[in-house]
Amino acid sequence: MVTAEPSVQALLRRDWRDMGVTWVAQWRDAFRAGSLPQDLLAGLTVAAVALPLNLALAVASGVSASSGLVAGAVGGMVAAVFGGAPMQVTGPAAALNVMVLAIATRFGVRGVAVAAVMVGLVQLVLAFSRAGHLARRVPESVLAGFTTGVGLKLLDGQLPEMLGFDYRVSELAAMMHRPEWLHEVKWIAVVSGLFVAFLVVSTRHFKRFPAAIVGVGLVTFVASYVRWDIARVGDIPNHFPAPALPLVRDDQWLDLFLAALPLGVLAAVESLLSASAVDRMAPDRPAHHPSLELLGQGLANVAVGFMSGMPVSGVVVRSGLNVQSGARTRLAALAHAGFLAVAVLFASQHIAKVPLAALAGLLCVIGARLVELRTFVHLARKERLEAVAFAVTCLGTVSGHLMMGLGAGIALHAVNHFLHRGEDAERVQIAHERERGVRATLPRSA
3 MVTAEPSVQA LLRRDWRDMG VTWVAQWRDA FRAGSLPQDL LAGLTVAAVA LPLNLALAVA
63 SGVSASSGLV AGAVGGMVAA VFGGAPMQVT GPAAALNVMV LAIATRFGVR GVAVAAVMVG
123 LVQLVLAFSR AGHLARRVPE SVLAGFTTGV GLKLLDGQLP EMLGFDYRVS ELAAMMHRPE
183 WLHEVKWIAV VSGLFVAFLV VSTRHFKRFP AAIVGVGLVT FVASYVRWDI ARVGDIPNHF
243 PAPALPLVRD DQWLDLFLAA LPLGVLAAVE SLLSASAVDR MAPDRPAHHP SLELLGQGLA
303 NVAVGFMSGM PVSGVVVRSG LNVQSGARTR LAALAHAGFL AVAVLFASQH IAKVPLAALA
363 GLLCVIGARL VELRTFVHLA RKERLEAVAF AVTCLGTVSG HLMMGLGAGI ALHAVNHFLH
423 RGEDAERVQI AHERERGVRA TLPRSA
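Given below as structure tokens:
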């Protein structure tokens, strides 16, 4: 008697087979599309935006600027080769900034590299366990609360940098009653940051204009020509580090793994959400394969860790720009990584002169865009318990208790879903009745 194969095992085998078939098909389309000039131009445009972002996010995460460049080049290249979302662009992400900074503060730069490898291994496990298909179940209120918390945390760290002193935003608020703190502001830093922020915001409707790199480049040129006394990125190696296994002390491995585990899950969710957003932007292209995308992201983070870089994920801003710039295949994301590698090898001496305040201005714009105040107001009017889930998740992210905030937010969403299960069932029934009514009005084919 032949026993039936367990359904879970059958699903896993089918998913693994689909991963291989999808990967081969996507590469076949890349070479048959005949869109190499478009893809190269799109890759150059994205690289021009990604370069200052990678620098800024690396500095904000407590690691060297070169770690961000290496992560964008190496991680972006590996993910472009092996991932399951052809239009996706991979690199350092603002959503990961809070947790990477915590790891860098506690375990140092080497600990960040080890964490990148651990993040990659977590994503590989998720890829081969078909867990990527569950990412769509994360409630919108929790995700919006998380991104808002990341934005607020980013503003808290970068506003003082743009003002040129070491006070936190909370300390600055406490000093507002006495204007003496204005004497400590470095107005050259303020002008540098505001110029970049203004240029990025004012040109947001020109999707293909690389406002970030133009603004940072102009500020760097003026600061160098006039010889401003302003903090800069500092020396950057003009070569990639040799691949090596990153190590930490024996007594740090368990604590580091416990810190990297939620970061791996977060990076996976961030990548899949970005891939879903790109699918909506490019409906004429095949949809992404969740498990294959997690495979590519996992391999990318392992490679980045071995190159002493910082964790990466798919990024919706850069991926959206990739689509808007005319990209047709995964060769555009691959070209973006290649241009970043060229910048590391041949432009490191110029990148070292970039003022930190200019990067802070860019990050302040990103932080402000991550704050979803409209979503919170909408939830507060329509579904108050979901608004509480939003607020709890946001507070957990800002306070450094990310997993507690996410867990509490998901629990509140579950409670809200349970309390309104009758209404949800009624909505589904009405939708089915409408669908049957539409089908009944359609003419029958001969």
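Take 3 as the starting number for the sequence shown in my numbering and just add one per residue. Every residue, glycine too, gets a C-beta built ideally from N, C-alpha and C.
Close-in-space but distant-in-sequence residues of the same chain around residue i (CB under 6 Å, 5 per side omitted)
| i | result |
| --- | --- |
| V72 | M309 and G311 |
| A284 | M89 and V325 |
| A213 | L201, V202 and T205 |
| M406 | G398 |
| A448 | With a pLDDT of only 32 at A448, under 50, the local geometry of the prediction cannot be trusted, and no value is derived from it. |
| A382 | A389 |
| M79 | A339 |
8 Å Cβ cutoff met for residue i and residue j
| i | j | result |
| --- | --- | --- |
| A60 | S69 | yes |
| G85 | E295 | yes |
| V198 | A87 | no |
| P203 | G217 | First, the amino acid is wrong: residue 203 is Val here, not Pro. No, the pair does not count as a contact, with Cβ atoms beyond the cut-off. |
| G300 | G147 | no |
| P162 | V171 | yes |
| L323 | T47 | yes |
| V250 | G113 | yes |
| L372 | T150 | yes |
| R132 | S293 | yes |
| A395 | L375 | It is worth fixing the name first, because residue 395 is Thr in this sequence and not Ala. For T395 and L375, no; Cβs fall outside 8 Å. |
| V111 | S66 | yes |
| G134 | L126 | no |
| N303 | V318 | no |
| A117 | A262 | yes |
| M21 | L297 | yes |
| M101 | L365 | no |
Where the alpha helix (DSSP H) through residue i begins and ends
| i | result |
| --- | --- |
| F378 | L375 to K384 |
| Q326 | V318 to Q326 |
| N240 | Unbroken run through N240: none, as it is neither H nor E. |
| V202 | W189 to S204 |
| T481 | A query on residue 481 cannot be resolved here, the shown segment of the chain reaching from 3 to 448 and no further. |
| T47 | L38 to A62 |
| M101 | N99 to F130 |
| R371 | L358 to L372 |
| V91 | It is not in any alpha helix (DSSP H) - V91 carries neither H nor E in the DSSP assignment. |
Same chain, Cβ closer than 8 Å to residue i, neighbours up to 5 away in sequence not counted
| i | result |
| --- | --- |
| P141 | E388, A391, G411, I412 and H415 |
| F259 | M120 |
| V379 | none |
| V187 | L165, G166 and F167 |
| P245 | F308 and M309 |
| L247 | F308 |
| A393 | G147 and F378 |
Where residue i falls, given that 16 or more other Cβ within 10 Å makes a residue buried
| i | result |
| --- | --- |
| W255 | exposed |
| A35 | exposed |
| F208 | exposed |
| R330 | buried |
| L136 | exposed |
| A106 | buried |
| V228 | exposed |
| D41 | buried |
| P357 | buried |
| G363 | buried |
| Q11 | exposed |
| G159 | buried |
| D17 | buried |
| H290 | buried |
| V124 | buried |
| F109 | buried |
| V417 | exposed |
Chain-order list of residues whose beta-carbon lies under 7 Å from that of residue i (same chain, five-residue window excluded)
| i | result |
| --- | --- |
| I368 | A96 and L156 |
| I215 | A50, V51, L53 and P54 |
| A75 | A339, L342, A343 and V346 |
| S226 | K355 |
| P239 | S68 and S350 |
| A58 | L361, L364 and L365 |
is_contact[residue i, chain C] using C-beta, thresh 8 Å
| i | result |
| --- | --- |
| P39 | This model lacks chain C altogether; it includes just one protein chain. |
Three CB pairs or more closer than 8 Å across the stretch 391-403 and the stretch 228-246: no
Stretch-stretch touch, CB-based, cutoff 8 Å, three pairs: the stretch 192-205 with the stretch 21-38: With a cut-off of 8 Å, the stretch 21-38 and the stretch 192-205 do not count as touching, because too few Cβ pairs lie within range.
The stretch 94-110 / the stretch 265-283 touching (three or more Cβ pairs under 8 Å): yes
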